[in-house]
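Everything on this sheet refers to the single structure shown next.
Number of protein chains: 2
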Amino acid sequence: KISEAVVRRLPVYLRYLQYLNESSIRTVSSQEMGQTLGINPAQIRKDLAYFGDFGRKGIGYEVPYLIEKIKQILKLDRTIQVALVGAGHLGIALSNYNRFTREKLSIVALFDQDPNKIGCKIGLLPIQPMSELNATVSRLDIQIGIITVPAPEAQRVADRLVAAGVRGILNFAPVKIKVPDEISLRTADLTTELQALAYYID
Amino acid sequence: KISEAVVRRLPVYLRYLQYLNESSIRTVSSQEMGQTLGINPAQIRKDLAYFGDFGRKGIGYEVPYLIEKIKQILKLDRTIQVALVGAGHLGIALSNYNRFTREKLSIVALFDQDPNKIGCKIGLLPIQPMSELNATVSRLDIQIGIITVPAPEAQRVADRLVAAGVRGILNFAPVKIKVPDEISLRTADLTTELQALAYYID
Ligand SMILES: NC(=O)c1ccc[n+]([C@@H]2O[C@H](COP(=O)([O-])OP(=O)(O)OC[C@H]3O[C@@H](n4cnc5c(N)ncnc54)[C@H](O)[C@@H]3O)[C@@H](O)[C@H]2O)c1
Ligand SMILES: NC(=O)c1ccc[n+]([C@@H]2O[C@H](COP(=O)([O-])OP(=O)(O)OC[C@H]3O[C@@H](n4cnc5c(N)ncnc54)[C@H](O)[C@@H]3O)[C@@H](O)[C@H]2O)c1
Numbered sequence: 009k010i011s012e013a014v015v016r017r018l019p020v021y022l023r024y025l026q027y028l029n030e031s032s033i034r035t036v037s038s039q040e041m042g043q044t045l046g047i048n049p050a051q052i053r054k055d056l057a058y059f060g061d062f063g064r065k066g067i068g069y070e071v072p073y074l075i076e077k078i079k080q081i082l083k084l085d086r087t088i089q090v091a092l093v094g095a096g097h098l099g100i101a102l103s104n105y106n107r108f109t110r111e112k113l114s115i116v117a118l119f120d121q122d123p124n125k126i127g128c129k130i131g132l133l134p135i136q137p138m139s140e141l142n143a144t145v146s147r148l149d150i151q152i153g154i155i156t157v158p159a160p161e162a163q164r165v166a167d168r169l170v171a172a173g174v175r176g177i178l179n180f181a182p183v184k185i186k187v188p189d190e191i192s193l194r195t196a197d198l199t200t201e202l203q204a205l206a207y208y209i210d
Numbered sequence: 009k010i011s012e013a014v015v016r017r018l019p020v021y022l023r024y025l026q027y028l029n030e031s032s033i034r035t036v037s038s039q040e041m042g043q044t045l046g047i048n049p050a051q052i053r054k055d056l057a058y059f060g061d062f063g064r065k066g067i068g069y070e071v072p073y074l075i076e077k078i079k080q081i082l083k084l085d086r087t088i089q090v091a092l093v094g095a096g097h098l099g100i101a102l103s104n105y106n107r108f109t110r111e112k113l114s115i116v117a118l119f120d121q122d123p124n125k126i127g128c129k130i131g132l133l134p135i136q137p138m139s140e141l142n143a144t145v146s147r148l149d150i151q152i153g154i155i156t157v158p159a160p161e162a163q164r165v166a167d168r169l170v171a172a173g174v175r176g177i178l179n180f181a182p183v184k185i186k187v188p189d190e191i192s193l194r195t196a197d198l199t200t201e202l203q204a205l206a207y208y209i210d
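Have a look at this one:
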């Protein structure tokens, strides 16, 4: 398995490469990538060589090939099913965010505990009660759970998702949660984006 | 000015240090930080030395002191006023997200073009019409604009925010927008979090 630091960089490379591809740019050098992304070009070359891509002298890397390669590594060449728990403001925004679908990460089920929300449709998806979580996760082969409930509820919901059989959790609630070692856990925090921006506005 | 790559790491260090502090842990070594964050300890030591903190042999770094230091560098020791345009699902979730306030990044004004939303309150903040953007940005000394409108509207809203006088923009819409060179621009994209998680769930 490759290191966490490399895995964090791959989606960043992918986003940039897709942007180039959309602008019909088919080759790129590690220098150009490094300059745009603020990453050392030697680090980029090292990461890509790790996956067997050494670029070509004078030409650089082939953008479409790299995109496919990185998608395979990130397992984005097959669809990964995702369940979201907490159909509130953030949950609905994420559920409607088309970019997830384009990237083969598909939110296929929504859950909430509010009886006023259960049964309502968000796009094509109905909001389901928590009692249907286990059955739905099995039936739809859901691998990832997204937590968008208030902080005091996050650990309880994490326990429910783990019991239902997900293999990874993306937590948006501003609280540390605990999961078994074999479950992958990431915490999403948009404050870091704002903080980095705050540094630059002088 | 320090490099983009370092500035990106500082909020990550800060979040981790605050977690330690909340658990009453007052010292940390670069090894421990590096292991937890997936960052080379030598890189961490280099970043912190850049700001005059060299740690102490056998002890490591003082957590509360580092927190204050990084906050100063990121200018989080003073409040930065933020305006949000697009009071939809994502916008409301961000507006209610308490962690921003705790971090001295304060969303002080909300704007939308939907007449049904204008005048409604989100927490203590009324949703204002776009016609009040310029006057409000001046009056409240707003430095950052957050864009949470649909993709086709993002560039138009960016132009309005630049004209109103913000110095930085955080764009959530999945589209590349253009701003003048002197305006700082960051794009927030939660797909990278999901993609990195997707890699780990095997
Ligand atoms: N990470 C970030 O950058 C970020 C940004 C914004 C919001 N947030 C966090 O995301 C979370 C959601 O924010 P929001 O504004 O959408 O809140 P919200 O109140 O609009 O939505 C929360 C939803 O969760 C449901 N819920 C509560 N407990 C539940 C449970 N035990 N099981 C199932 N559903 C349950 C509620 O009925 C509600 O629909 C909060 O924790 C907030 O702090 C994080
Ligand atoms: N970056 C990410 O990870 C991420 C995640 C979720 C959503 N998004 C994006 O965030 C944006 C908002 O998503 P949402 O689900 O909250 O959408 P939404 O439709 O609920 O909200 C959009 C709001 O913008 C307002 N609006 C539209 N045009 C406007 C204009 N010209 N001036 C002022 N207000 C205007 C609308 O009236 C509405 O209230 C979308 O672009 C979506 O793709 C990004």
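Each protein sequence line maps, in turn, to chains B and G.
Residue 210 is where the first sequence ends in the working numbering, and the numbering goes up by one at each step.
Residue 210 is where the second sequence ends in the working numbering, and the numbering goes up by one at each step.
A virtual CB, placed ideally from N, CA and C, is assigned to each residue, including glycine.
Out of curiosity, what's the CA-to-CA distance linking I47 of chain B and F59 of chain B?
On the first sequence, residue 47 of chain B is found 39 positions in, with the first residue counted as 1. On the first sequence, residue 59 of chain B is found 51 positions in, with the first residue counted as 1. The straight-line gap from Cα to Cα measures roughly 18 Å.
Relative to the C-alpha of R53 of chain G, which candidate in G:L45, G:G66, G:G127 and G:Q39 has its C-alpha closest?
The residue you call residue 53 of chain G lines up with position 45 of the second sequence. Of the candidates G:L45, G:G66, G:G127 and G:Q39, the one whose C-alpha sits nearest the C-alpha of R53 of chain G is G:Q39.
Work out the CA separation of D55 of chain G and D61 of chain G for me, nearest whole Å.
As a position in the second sequence, residue 61 of chain G is number 53, starting the count at 1. As a position in the second sequence, residue 55 of chain G is number 47, starting the count at 1. Distance between the alpha carbons of D61 of chain G and D55 of chain G is about 9 Å.
Kindly indicate which three-state DSSP category L202 of chain G falls into: helix, strand or coil?
Position 194 of the second sequence, counted from the first residue, corresponds to residue 202 of chain G. Reduced to three states, the DSSP call for L202 of chain G is helix.
Is the beta carbon of A206 of chain B less than 9 Å from the beta carbon of I185 of chain G?
Translated into positions along the first sequence, residue 206 of chain B becomes position 198. Translated into positions along the second sequence, residue 185 of chain G becomes position 177. Cβ atoms of A206 of chain B and I185 of chain G: not closer than 9 Å.
Could you tell me the distance, in whole angstroms, from the CA atom of L92 of chain G to the CA atom of T199 of chain G?
Stepping through the second sequence from its first residue, residue 92 of chain G is reached at position 84. Stepping through the second sequence from its first residue, residue 199 of chain G is reached at position 191. Distance between the alpha carbons of L92 of chain G and T199 of chain G: 21 Å.
Are any of the Cβ atoms in chain B nearer than 9 Å to that of I33 of chain G?
Within the second sequence, numbered from 1, the residue matching residue 33 of chain G stands at position 25. No, no contact with chain B.
Taking only beta-carbon positions, decide if S11 of chain G is within less than 9 Å of chain B.
The sequence position of residue 11 of chain G within the second sequence is 3, counting from 1. With 9 Å as the cut-off, S11 of chain G counts as an interface residue toward chain B.
So what does DSSP say about T195 of chain B, is it helix, strand or coil?
On the first sequence, position 187 is the one that residue 195 of chain B refers to. Strand.
Determine whether the Cβ of G176 of chain B lies closer than 9 Å to any Cβ atom of chain G.
The residue given as residue 176 of chain B occupies position 168 in the first sequence. Answer yes: the Cβ-Cβ gap between G176 of chain B and chain G drops below 9 Å somewhere.
Taking beta-carbon pairs under 7 Å, can you tell me which members of the region 180 to 193 of chain G lie near chain B?
Correct list: P182, K184 and S192.
Hey, out of B:I33, B:F180, B:Q26 and B:A57, whose CA is closest to R107 of chain G's CA?
Translated into positions along the second sequence, residue 107 of chain G becomes position 99. Nearest option by C-alpha distance: B:F180.
Hey, is A99 of chain G close to ligand 2, as in C-beta under 8 Å from one of its heavy atoms?
Mapped onto the second sequence, residue 99 of chain G falls at position 91. In the sequence under discussion, the amino acid at residue 99 of chain G is Gly, which differs from the Ala named in the question. Checking every heavy atom of ligand 2 against the Cβ of G99 of chain G, one is found closer than 8 Å.
Using a Cβ-Cβ cutoff of less than 6 Å, which residues in the same chain neighbour E140 of chain G once the five nearest sequence positions on both sides are dropped?
Numbered from its first residue, the second sequence carries residue 140 of chain G at position 132. Answer for E140 of chain G: no residue qualifies.
Whole angstroms are fine: how far does the CA of A13 of chain B sit from the CA of L22 of chain B?
On the first sequence, position 14 is the one that residue 22 of chain B refers to. On the first sequence, position 5 is the one that residue 13 of chain B refers to. Approximately 15 Å, taken between the alpha carbons.
State yes or no: is the C-beta of A117 of chain B within less than 9 Å of the C-beta of L98 of chain G?
Translated into positions along the first sequence, residue 117 of chain B becomes position 109. Translated into positions along the second sequence, residue 98 of chain G becomes position 90. No, these two residues do not count as a Cβ contact at 9 Å.
Spell out whether any CB of chain C is found under 9 Å from the CB atom of I152 of chain B.
Absent from the structure is chain C; the protein chains it does hold are B and G.
Run the proximity test for L198 of chain B: is its beta-carbon closer than 8 Å to any non-hydrogen atom belonging to ligand 1?
By 1-based counting over the first sequence, the position of residue 198 of chain B is 190. Answer for L198 of chain B: yes, Cβ within range of ligand 1.
Taking Cβ-Cβ distances shorter than 7 Å, what residues in chain B pair up with D197 of chain G?
Here residue 197 of chain G is taken as the residue at index 189 of the second sequence, counted from 1. Near D197 of chain G (Cβ distances below 7 Å), the residues of chain B are R23.
Name the two residues that bound the continuous alpha helix (DSSP H) containing L148 of chain G.
Working through the second sequence from its first residue, we reach residue 148 of chain G at position 140. Where L148 of chain G is concerned, there is no enclosing alpha helix (DSSP H), given that its DSSP letter is neither H nor E.
Give the secondary structure of R107 of chain G by DSSP, where H, G and I count as helix, E and B as strand, and everything else as coil.
By one-based count along the second sequence, residue 107 of chain G stands at place 99. DSSP places R107 of chain G in helix when its eight states are reduced to three.
Using a Cβ cut-off of 7 Å, pull out every chain G residue sitting near E201 of chain B, in sequence order please.
On the first sequence, residue 201 of chain B is found 193 positions in, with the first residue counted as 1. Within 7 Å Cβ-Cβ: L178, R194 and A196.
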